[in-house]
Amino acid sequence: MGNIFCFRYDPEHGPESVKDALNVFEKLVQRMEKSDIREEALAERLRGAEENDPVRCGFPKCEVHDIYLSVFGCQVCTD
Ligand SMILES: [Zn+2]
Numbered sequence: 042m043g044n045i046f047c048f049r050y051d052p053e054h055g056p057e058s059v060k061d062a063l064n065v066f067e068k069l070v071q072r073m074e075k076s077d078i079r080e081e082a083l084a085e086r087l088r089g090a091e092e093n094d095p096v097r098c099g100f101p102k103c104e105v106h107d108i109y110l111s112v113f114g115c116q117v118c119t120d
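The working numbering puts the first residue of the sequence shown at 42, with every later residue one more than the last.
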């Protein structure tokens, strides 16, 4: 299994924590090779998705913030 990138905003470190996370993400993308792509991952993801999962609803956006919703809703509205 490859790397999983997960980021949670840290208010104590402020914007620097976002910059650090983006730098890590950039390095992961730069290192990625074709062999890192798991062709079966999309089918697995869709099989495991609930009916209200954005992947099954056409990737809706928040009407207030114009950002894509996650399975938990809008990341801005819910903070
Ligand atoms: Zn919102």
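All residues carry an ideal CB built from backbone N, CA and C; glycine is no exception. In this text, all values refer to a predicted model and were calculated from it rather than measured experimentally.
> Can you give the Cα-Cα distance for P101 and S76, rounded to whole angstroms?
Replying inline: 31 Å
> To which residues does DSSP link K102 through a beta bridge?
Replying inline: Answer is Y109.
>> Since H106 and C118 should fall inside the 8 Å C-beta cutoff, what is the C-beta to C-beta distance between them, to a whole number of angstroms?
In response: Rounded, the Cβ-Cβ distance is 7 Å, consistent with contact.
> Is E98 near ligand 1, judged by its Cβ being under 8 Å from some heavy atom?
Replying inline: Looking at the sequence provided, one finds Cys at residue 98 rather than Glu. C98: no, Cβ never under 8 Å from ligand 1.
> Heavy atom of ligand 1 less than 8 Å from the Cβ of V117, yes or no?
Replying inline: Flag set: Cβ of V117 near ligand 1.
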